[in-house]
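Note that the numbering used here has the sequence shown beginning at 358, numbered continuously upward.
Here a beta-carbon is modelled for each residue, glycine too, at the ideal position from N, C-alpha and C.
In this text, all values refer to a predicted model and were calculated from it rather than measured experimentally.
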Amino acid sequence: MSILKKSIICFTLILSLTNVWSQNKLYVYQDTIKKPLISTIEVLGLNVGVNRFNLLTKTDKELSEVTLASWKSNLTYGLEWDWDNFGVNFIGHPYQGAHYYNSARTNGFGFFESAPFTFMGSLTWEMFGETHPPSGNDLINTTMGGMFLGEIMYR
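Below you can see the structure in the form of structure tokens.
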């Protein structure tokens, strides 16, 4: 029997065993196990990382120098409507939201189950990641745009 025939037979046996294991539930797909703690840590870590990057590179130092006083101010001030340009509001915010979304999606959560993580990431950034007052339109753009762009990136 030639090497090619032996390889085909071996490959066929392996595929059939894999099929049997998956039907008997002995094999569990990795992304069906929900890991909320890891997703939360990833979302919050992403916010800390972006804030520290902005501060260290001085790209937006005034915005990134958060303190306990700025946190208190953001929590008491309430939401405003910001007038960022189109690229920031409709490209940047959904892109950041997609990362929040995919931190949950890749840890076993479905489409709608990942939405709270996207909102949490956006809300914590608006409240604790910036010095200027939180923006309602940023929450909407990051959450909704992040879900749709994130699902595209996930697939």
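If you run the structure through DSSP and keep just helix, strand and coil, what is S492? It is a strand residue.
Around the C-beta of N464, are 16 or more other C-beta atoms found within 10 angstroms, so that it is buried, or is it exposed? Classification for N464: buried.
Please classify E419 as buried or exposed, where buried requires at least 16 neighbouring CB atoms within 10 angstroms. Counting the other CB atoms within 10 Å of its CB gives E419 a total below 16, which places it among the exposed residues.
Residues of its chain near M510, where Cβ-Cβ distance is below 7 Å and the 5 sequence neighbours each way are ignored: Once the five neighbours on either side are set aside, the close Cβ partners of M510 are A455, N459.
Between the Cα of T424 and the Cα atoms of G406, N442, H489, which residue gives the shortest distance? Of all alpha-carbon atoms in G406, N442, H489, the one lying nearest the alpha-carbon of T424 is that of H489.
Taking the CB atoms as reference points, tell me whether P473 and E483 lie closer together than 9 Å. For P473 and E483, no; Cβs fall outside 9 Å.
For R307 and F485, what's the separation of their Cα atoms in angstroms? The shown model of the chain, from 358 to 512, leaves out residue 307, and the question about it has no answer.
Around the Cβ of N442, are there at least 16 other Cβ atoms within 10 angstroms (buried) or fewer (exposed)? Residue burial is scored here from C-beta neighbours: N442 has fewer than 16 other C-beta atoms within 10 angstroms and is therefore classed as exposed.
Under three-state DSSP, which class holds E422? Of the three classes helix, strand and coil, the one that applies to E422 here is coil, per DSSP.
Rounded to whole angstroms, how far is the Cβ of H450 from the Cβ of N498, which I believe are closer than 8 Å? Approximately 4 Å separates the beta-carbon atoms of H450 and N498; this is inside 8 Å, confirming the contact.
Endpoints, alpha helix (DSSP H) assigned at E399: Residues 393-414.
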